[in-house]
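> Numbering (our numbering), first residue to last: 73 to 338. Heads up, the beta-carbon is just placed ideally off N, CA and C, and yes, glycines get one too. Take this structure, written in structure tokens, and hold onto it; I'll ask about it next.
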Amino acid sequence: MTKIAVIGGGTMGTTFIRAVTNRDLVKMSDLSVCEVVPERREWLSTEFDGIHVHESPLSLPPVHSVVYLSVKPQDLGGLQKLTPASSPVLISILAGSTIAEVQASTGAERVVRAMPNTPAQIGRGFTAWTATDSVTSEERALVSRLLDTMGEQLYVTDESAIDKITAVSGSGPAYVFLIIEAMINAAVNIGLRPDDARRMVLQTVIGSSEFAQQTGEHPAVLKDMVTSPGGTTAAGLSVLEQRAVRSALIDAVAAAHQRAEELGRQ
Ligand SMILES: NC(=O)c1ccc[n+]([C@@H]2O[C@H](COP(=O)([O-])OP(=O)(O)OC[C@H]3O[C@@H](n4cnc5c(N)ncnc54)[C@H](OP(=O)(O)O)[C@@H]3O)[C@@H](O)[C@H]2O)c1
């Protein structure tokens, strides 16, 4: 069975541990986690019964065929080099850190750069990934099975696509949460109870998304289906278009993409 080391036992590291073990893809005893914060190490030992907890990647035995790197991007420079003897495939999820930077800091040659998003925490995430040519087809199949446990995944051949995808699905949950928050505010503003407002807005977002997924219809067609001439939806949509919500979203994604590229150049 594959032995995996997770470096950085924070939110995204534990999301990965939970996902791969819940789906029985990896046994807890085949997982190691490196974490610098002592209280967090204690918490990891209690939360994940049987996992091997280390303070530093330096004390990892060279038995892991996959290393999942989930420290914050600013901690990349301070990482110790992985032991050459282990030569694992390294999956980096560091936002804005290029494959070349990850290779230089960790000494790993075979690198997968992946970009998950926060709904991965409930197995409903979207992860885009790419790999260096040296990652074999068997290893790619394994990476794909591992990432599948957190939701949907998409392989791309070109690393520059990762910065674009970061701006859409990586940052996307925050855009959706802003819209959800505003719709709840709006519902309360016209006199609905906050808890009812929250339920109806969340179900409207989930239902609309799953409706679009299951029908495969273009969103414009689905939008037209609920818009009768001179009706309530037409009145609401007209305000959204006047206030340029569509172009605000287009500009938001373009700004996030530009920022992702800038972070990669720093
Ligand atoms: N959150 C997201 O939606 C998301 C999505 C895609 C990608 N990412 C990427 O995922 C990475 C992790 O994000 P996160 O939200 O999980 O952050 P986080 O909760 O802060 O987790 C990072 C953990 O790694 C620890 N750490 C730092 N340096 C270490 C080292 N040398 N050895 C072992 N452990 C170390 C940190 O300790 P300290 O607290 O002491 O630093 C922290 O506990 C980031 O690079 C981010 O860009 C996040």
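1) Check whether the region 219-228 and the region 115-135 are in contact - that is, three or more C-beta pairs closer than 8 Å.
2) Consult DSSP for H329 and reduce its assignment to one of helix, strand or coil.
3) I think V228 touches A200, with their Cβ atoms under 8 Å apart; what is that distance to the nearest whole Å?
4) Okay, do the region 230-246 and the region 319-335 touch, 3+ Cβ pairs below 8 Å being the bar?
5) Thinking C-beta only, is V139 closer than 8 Å to E127?
6) Under a three-way DSSP split, which group does E313 fall into?
7) List the DSSP bridge partners of F198.
8) Count the other CB atoms within 10 Å of the CB of T170; is the residue buried (16 or more) or exposed (fewer)?
9) Starting from A186, follow its DSSP beta bridges and name the residues at the other end.
10) Below 7 Å, is the gap between the Cβ of P145 and the nearest heavy atom of ligand 1?
11) Using only the heavy atoms of ligand 1, determine whether one of them is closer than 7 Å to the beta carbon of P110.
In terms of the structure at hand:
1) They do not touch, by the three-pair rule.
2) Per DSSP, reduced to three states, the secondary structure at H329 is helical.
3) Going by Cβ atoms, the distance from V228 to A200 rounds to 6 Å, so yes, they are a contact pair.
4) Using a Cβ-Cβ distance cut-off of 8 Å, the region 230-246 and the region 319-335 are in contact, since at least three pairs of beta carbons, one from each stretch, lie closer than that value.
5) Pairing E127 with V139 gives a Cβ-Cβ distance that is not under 8 Å.
6) The answer is helix: DSSP assigns E313 an H, G or I state.
7) DSSP output for F198 lists E224 as bridge partner(s).
8) Using a 10 angstroms sphere on the CB of T170, the tally of other CB atoms reaches 16 or more, which defines it as buried.
9) Beta-bridge pairing links A186 to W201.
10) Indeed, a heavy atom of ligand 1 lies less than 7 Å from the Cβ.
11) Because no heavy atom of ligand 1 lies under 7 Å away, the Cβ of P110 does not count as near it: no.
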